[in-house]
Amino acid sequence: MKLLLGWLVLSVAACKDKPEATSTPPSEPAVAVQDGQAPEWKSHQWSKYEVVRELPHDTAAYTQGLLLSDGHWMESTGGFGASSIRRVEKATGKVLKLELLGKNFFGEGLTQFGDKFYQLTWQSHQGFVYDAKSLKRLSKFNYQGEGWGLTTDGKSLIMSDGSDRLRFLDPKTFKVTREIFVSYRGKSVIRLNELEFVEGEIFANVWHTEQIVRINPVDGNVVGVIELTGIYPDAGKKHPEYVLNGIAYDAESKELYVTGKCWPKIYQIRLVKVR
Ligand SMILES: [Ca+2]
Numbered sequence: 053m054k055l056l057l058g059w060l061v062l063s064v065a066a067c068k069d070k071p072e073a074t075s076t077p078p079s080e081p082a083v084a085v086q087d088g089q090a091p092e093w094k095s096h097q098w099s100k101y102e103v104v105r106e107l108p109h110d111t112a113a114y115t116q117g118l119l120l121s122d123g124h125w126m127e128s129t130g131g132f133g134a135s136s137i138r139r140v141e142k143a144t145g146k147v148l149k150l151e152l153l154g155k156n157f158f159g160e161g162l163t164q165f166g167d168k169f170y171q172l173t174w175q176s177h178q179g180f181v182y183d184a185k186s187l188k189r190l191s192k193f194n195y196q197g198e199g200w201g202l203t204t205d206g207k208s209l210i211m212s213d214g215s216d217r218l219r220f221l222d223p224k225t226f227k228v229t230r231e232i233f234v235s236y237r238g239k240s241v242i243r244l245n246e247l248e249f250v251e252g253e254i255f256a257n258v259w260h261t262e263q264i265v266r267i268n269p270v271d272g273n274v275v276g277v278i279e280l281t282g283i284y285p286d287a288g289k290k291h292p293e294y295v296l297n298g299i300a301y302d303a304e305s306k307e308l309y310v311t312g313k314c315w316p317k318i319y320q321i322r323l324v325k326v327r
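This note's numbering numbers the first residue of the sequence shown as 53 and each following residue consecutively.
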């Protein structure tokens with residue numbers, strides 16, 4: 053129990069306005085892996101990591117959204133006046149295209165749905181839609197509350213807002229079609245930040261921790277924890293907000309990558325079983 057309390061950000065208060073969380077043990081992810089070969093890490097309740105390789109990352113990029121698209125990084129960065137959407141060469145970190153959001157917007161989560169990118173902003177209740185090729189801004193959309201992380205399961209946009217809630221949005225109407233509340237053994241897991249849909253699960257950075265939680269998208273149960281302690285030893289040293297944030301997955305090669313805000317590296321990692 054000591055371990056659990058040590059890492060999880062728990063909040064009973066955050067539960068008050070919704071049904072009591074159940075004490076059901078974490079269940080298996082609902083979405084089967086297509087080729088029938090479940091990745092080995094699916095059997096982990098707790099994982100640590102091995103670094104497979106390190107790739108360069110812009111230390112001026114305050115990472116709020118990261119994904120792979122057509123072999124390149126796509127990244128959303130935050131900060132008023134510095135917020136951007138950018139396409140970055142994977143091996144070199146060279147910025148291939150960058151669009152600034154303007155001084156009034158703080159960039160947050162980013163995902164691709166079809167031939168468009170969708171980007172959240174922090175407290176403006178406004179998101180942007182871009183043409184995936186040109187990065188030309190096509191339209192805006194609105195949502196309630198804060199925008200933090202964004203990903204997709206191929207049907208919905210899935211967004212976090214800093215609480216334990218994940219909302220599923222229709223990518224055309226931006227209406228909330230459903231929401232889940234993320235919990236670990238009946239306790240809410242709050243401060244969910246950058247997201248990535250990986251093999252039928254939602255991976256989420258937990259803000260100001262070195263953990264990623266693996267979430268069942270059906271019921272919100274945490275089915276596994278990835279412990280990334282020490283992956284970037286200088287994390288949070290230059291600035292307390294330069295923390296782990298950013299998960300990208302290449303579904304074809306099955307390569308998993310993580311980074312942090314203004315970190316000099318993006319790390320490809322392999323998950324190793326602790327238990
Ligand atoms: Ca991501």
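All C-beta atoms, glycine included, are put in the ideal place defined by N, C-alpha and C.
Taking the C-alpha atoms as reference points, what is the distance between residue i and residue j?
{"i": "Ser116", "j": "Gly201", "result": "One point to set straight first is that residue 116 is Gln, not Ser, in the sequence displayed. One C-alpha to the other measures close to 7 Å."}
{"i": "Val181", "j": "Arg189", "result": "6 Å"}
{"i": "Ser121", "j": "Gln164", "result": "8 Å"}
{"i": "Val324", "j": "Lys155", "result": "42 Å"}
{"i": "Asp213", "j": "Ser136", "result": "19 Å"}
{"i": "Gln89", "j": "Val270", "result": "21 Å"}
{"i": "Ser63", "j": "Val274", "result": "With a pLDDT of only 39 at Ser63, under 50, the local geometry of the prediction cannot be trusted, and no value is derived from it."}
{"i": "Ala303", "j": "Lys142", "result": "16 Å"}
{"i": "Ile321", "j": "Gly282", "result": "13 Å"}
{"i": "Trp315", "j": "Tyr309", "result": "13 Å"}
{"i": "Leu150", "j": "Gly312", "result": "19 Å"}
{"i": "Trp125", "j": "Thr144", "result": "11 Å"}
{"i": "Leu119", "j": "Pro292", "result": "24 Å"}
{"i": "Leu221", "j": "Ile267", "result": "17 Å"}
{"i": "Val326", "j": "Ser99", "result": "5 Å"}
{"i": "His109", "j": "Glu231", "result": "33 Å"}
{"i": "Glu279", "j": "Ile254", "result": "16 Å"}
{"i": "Thr261", "j": "Gly197", "result": "23 Å"}
{"i": "Lys289", "j": "Gly123", "result": "31 Å"}
{"i": "Gly252", "j": "Asp205", "result": "8 Å"}
{"i": "Gln178", "j": "Tyr195", "result": "6 Å"}
{"i": "Gly306", "j": "Val140", "result": "Sequence check: residue 306 is Lys here, not Gly. Spanning the two alpha carbons is a distance of roughly 20 Å."}
{"i": "Gly272", "j": "Pro223", "result": "21 Å"}
{"i": "Ala256", "j": "Met211", "result": "10 Å"}
{"i": "Thr203", "j": "Ser191", "result": "18 Å"}
{"i": "Tyr236", "j": "Arg219", "result": "18 Å"}
{"i": "Glu248", "j": "Val265", "result": "11 Å"}
{"i": "Ser176", "j": "Glu106", "result": "34 Å"}
{"i": "Lys317", "j": "Phe158", "result": "23 Å"}
Against chain D, does residue i count as a neighbour if the rule is that its beta carbon must be under 9 Å from one of theirs?
{"i": "Leu308", "result": "The structure shown contains no chain D; it is built from a single protein chain."}
Check the C-beta distance from residue i over to residue j and give it rounded, since I have them as a contact under 8 Å.
{"i": "Tyr170", "j": "Val250", "result": "About 18 Å separates the two Cβ atoms, so there is no contact after all."}
{"i": "Glu246", "j": "Gly166", "result": "The Cβ separation is near 21 Å, so there is no contact."}
{"i": "Tyr319", "j": "Val147", "result": "With a Cβ gap of about 20 Å, Tyr319 and Val147 do not count as contacting."}
{"i": "Phe233", "j": "Arg217", "result": "6 Å"}
{"i": "Lys207", "j": "Ala184", "result": "That belief does not hold up - the Cβ atoms of Lys207 and Ala184 are roughly 18 Å apart, past 8 Å."}
{"i": "Thr173", "j": "Gly199", "result": "6 Å"}
{"i": "Ala113", "j": "Glu127", "result": "6 Å"}
Give the DSSP bridge partners of residue i, in chain order.
{"i": "Cys248", "result": "A small correction: the amino acid at residue 248 is Glu; Cys does not occupy that position in the sequence shown. Answer is Phe255, bridged to Glu248."}
{"i": "Pro108", "result": "Lys317"}
{"i": "Ile232", "result": "Leu218"}
{"i": "Thr115", "result": "Thr129"}
{"i": "Tyr48", "result": "Given a span of 53 to 327 for the chain in the structure shown, any question on residue 48 remains unanswerable."}
{"i": "Ile264", "result": "Asn257, Ile278"}
{"i": "Gln171", "result": "Leu162, Phe180"}
{"i": "His124", "result": "Ser121"}
{"i": "Ser212", "result": "Leu218"}
Along the chain, which unbroken stretches of the beta strand (DSSP E) at least 3 residues long are found entirely within the region 268–326? 274–279, 296–302, 307–312, 317–325
Per the contact definition of three or more C-beta pairs closer than 8 Å, is the region 226–244 in contact with the region 291–311? When C-beta atoms of the region 291–311 are compared with those of the region 226–244, fewer than three pairs fall below 8 Å, so the two segments do not count as touching.
Can at least three beta-carbon pairs, one atom from the region 129–140 and one from the region 89–96, be found at a separation below 8 Å? no
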